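Visitor:
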């Protein structure tokens, strides 16, 4: 370990234009966690154990005192100060290797949380999520329209494959998009993503056959949205440290803004000018936000450059970390039910006696709640911890789906359920990238997001067809009662995901469920 510590590259490659070298005196201030006054590195670092890292790693002192060795380490004969105790109990736990990777980025010219560049990246994330999950969040509008128009001859389960494949491609795209972003930077993804998304949405407008909707909406537009989402998620992560939760909340609120705006745009245009004009209008708005994403998104650290493709090392090795594996399992279970209300709440409302206009508005209400949930969870996670918030919103999502949605049989209660579920599910979608960033090396966040997304994509792929098959599965239920089994299914799988989230926090904090993590 001592040799590895001494040979670790502390300065960036010359000529990148975005980094600078630090002198030995400057380095001890800018990088205090890597300095110590002992020749015995083994006494301070153990590769198999975890240590807390400060959320703000650019300060050179704690409580006015300078520490010449890793300052979470206290000698046996030294009394721990209040400042050190607070630091130790309110910081993020990662492995020592991850800590070294994270600190390697601190020699960048632009420090995290400083200046306007980080918030430009957050704006890029907002625009990208408007185009990706914002477009995904209105699958209920398309599901309901297809059931009553172009695809009226197909069952709800068959039609739901369009949205299910769309969700699957959006998640699975991270398997290569995340790694490409780590190697080449976000611009290589945002420009092709803008083109693919625009082409996919515009061709959806002229589709008439089932397979055409699958290819245009389910594959092409989803692939473009995936490139935009993963590029900006990795970029935002590199720009923020102290306010990372808030930054992800701001970025994730773009999805809710899209979910509020797009249903009203679609409904107003389709009633006046028809389906084709409505979808073209949606495509024009998505192109505008995608272009903003491509223009403003940058990364704080230089891309790593082309590297040999090693599938096991890049995508399977992270699962040796039990915390990462448990988080992945939690999200896979959650994704089995997370998008079910988005897809079927409008159909359920129609079956409950609401008008089609009121049913479409429910999607907007759901996304209004999601907007508040994403911002609130992002802000709260900076104070009480990302694991804590993730566990709470996952459990709330399951409880709102069942029993709350199950017993919502009139318009007032359905609206309340829509807003409440939007709040909870918005928190889940805002927190999981921040959670992955917290437990991952900074130079591998894009890759790890891709690895996790490839796993949860299969949950997303199966969720809507299972839910559609459960609608009226008994054969005797009519109206809103036909959705009962689907509502129970969605609630149970999301509560199971919340249980796994609690286990992941317990593993990360060594059993301290009340830790700020």
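Numbering (the numbering used here), first residue to last: 542 to 1058. Ideal placement from N, C-alpha and C gives every residue a C-beta, glycine not left out. As the structure is a computational prediction, the values presented were derived from the model and not from experiment.
1) Flag this pair as yes or no: are the beta carbons of residue 874 and residue 1000 separated by less than 8 Å?
2) Return no unless some Cβ of chain B is closer than 8 Å to the Cβ of residue 897.
3) Looking at residue 941 and residue 924, is the spacing between their C-beta atoms short of 8 Å?
4) For residue 943 and residue 1004, what's the separation of their Cα atoms in angstroms?
5) Taking the C-alpha atoms as reference points, what is the distance between residue 865 and residue 953?
6) Express the C-alpha separation of residue 928 and residue 1042 in angstroms, rounding to a whole number.
7) Note down the Cα distance separating residue 918 from residue 803, rounded to an integer number of angstroms.
8) How close, in whole Å, do the beta carbons of residue 1010 and residue 698 come, if the pair is a contact with beta carbons under 8 Å?
9) Is the separation between the beta-carbon of residue 1044 and that of residue 867 shorter than 8 Å?
10) With distances taken Cα to Cα, identify the nearest neighbour of residue 757 among 771, 769, 739.
11) Count the other CB atoms, across all protein chains shown, that sit within 10 Å of the CB of residue 977; report buried if there are 16 or more and exposed otherwise.
12) Within 10 Å of its beta-carbon, does residue 1055 have 16 or more other beta-carbons around it, so buried, or fewer, so exposed?
13) Going along the chain, which residues of its own chain have a beta-carbon closer than 6 Å to the beta-carbon of residue 986, five neighbours each way excluded?
14) With a 10 Å radius around its C-beta and 16 neighbouring C-beta atoms as the bar for buried, classify residue 902 as buried or exposed.
15) Report the rounded CA-to-CA distance for residue 899 versus residue 714, giving the unit in angstroms.
16) For residue 667 and residue 792, which I take to be in contact (beta-carbon distance under 8 Å), what is that distance rounded to the nearest angstrom?
17) Nearest CA to the CA of residue 916: which residue from 990, 694, 966?
18) When DSSP labels each residue in this structure, what does residue 691 get in the three-state scheme?
19) Only counting the same chain, and skipping five residues up and downstream in sequence, which positions put a Cβ closer than 7 Å to that of residue 1029?
20) Pull up the distance between the alpha-carbon of residue 1031 and that of residue 656, whole angstroms please.
21) Starting from the Cα of residue 801, find the closest Cα among 691, 790, 694, 680 and give me that residue.
22) Just to confirm, are residue 712 and residue 935 a CB contact at a threshold of 8 Å?
Guide: Taking the geometry as given:
1) Sequence index remark: in the chain shown, residue 874 carries index 333 (1-based). Sequence index remark: in the chain shown, residue 1000 carries index 459 (1-based). Contact flag set, yes.
2) Of the protein chains in the structure, only one exists, and it is not chain B.
3) Walking along the chain shown from the start, residue 924 turns up at place 383. Walking along the chain shown from the start, residue 941 turns up at place 400. Taking 8 Å as the cut-off, the Cβ atoms of residue 924 and residue 941 do not count as close.
4) Taking the first residue of the chain shown as position 1, residue 943 is located at position 402. Taking the first residue of the chain shown as position 1, residue 1004 is located at position 463. Between residue 943 and residue 1004, the C-alpha separation is close to 16 Å.
5) Here the question's residue 865 lines up with position 324 in the chain shown. Here the question's residue 953 lines up with position 412 in the chain shown. Their Cα atoms are separated by approximately 40 Å.
6) The sequence position of residue 1042 within the chain shown is 501, counting from 1. The sequence position of residue 928 within the chain shown is 387, counting from 1. Those two C-alpha atoms are separated by around 8 Å.
7) For the purposes of this step, residue 918 is taken as the residue at position 377 of the chain shown. For the purposes of this step, residue 803 is taken as the residue at position 262 of the chain shown. Answer to the nearest angstrom: the Cα atoms are 23 Å apart.
8) On the chain shown, position 469 is the one that residue 1010 refers to. On the chain shown, position 157 is the one that residue 698 refers to. Right, their Cβ atoms sit about 5 Å apart.
9) Working through the chain shown from its first residue, we reach residue 1044 at position 503. Working through the chain shown from its first residue, we reach residue 867 at position 326. Yes, Cβ-Cβ distance for residue 1044 and residue 867 is below 8 Å.
10) In the chain shown, residue 757 corresponds to position 216, counting from 1. Out of 771, 769, 739, 739 has the C-alpha closest to the C-alpha of residue 757.
11) Reading the chain shown from its first residue, position 436 is the one you call residue 977. Answer is buried; the Cβ neighbour count reaches 16.
12) Looking up residue 1055 in the chain shown gives position 514. Per the 10 Å Cβ criterion, exposed.
13) Here residue 986 is taken as the residue at index 445 of the chain shown, counted from 1. Closer than 6 Å at the Cβ level, and outside the excluded window around residue 986, lie 775, 778, 978.
14) The sequence position of residue 902 within the chain shown is 361, counting from 1. It is buried - the Cβ of residue 902 has at least 16 other Cβ atoms within 10 Å.
15) For the purposes of this step, residue 899 is taken as residue 358 along the chain shown, with counting starting at 1. For the purposes of this step, residue 714 is taken as residue 173 along the chain shown, with counting starting at 1. Within the model, the alpha-carbon separation for residue 899 versus residue 714 is close to 34 Å.
16) For the purposes of this step, residue 667 is identified with residue 126 of the chain shown, where counting begins at 1. For the purposes of this step, residue 792 is identified with residue 251 of the chain shown, where counting begins at 1. Confirmed, Cβ separation roughly 5 Å.
17) Looking up residue 916 in the chain shown gives position 375. Restricting attention to 990, 694, 966, the CA atom closest to the CA of residue 916 is found in 966.
18) As a working mapping, residue 691 is identified with position 150 in the chain shown. Coil.
19) Along the chain shown, one-based indexing puts residue 1029 at 488. Answer for residue 1029: 943, 947, listed in chain order.
20) Translated into the one-based positions of the chain shown, residue 1031 becomes position 490. Translated into the one-based positions of the chain shown, residue 656 becomes position 115. The straight-line gap from Cα to Cα measures roughly 43 Å.
21) What you label residue 801 is simply residue 260 of the chain shown in a count that begins at 1. With distances taken between CA atoms, residue 801 lies nearest to 680 out of 691, 790, 694, 680.
22) Against the chain shown, residue 712 aligns to sequence position 171. Against the chain shown, residue 935 aligns to sequence position 394. Cβ atoms of residue 712 and residue 935: not closer than 8 Å.
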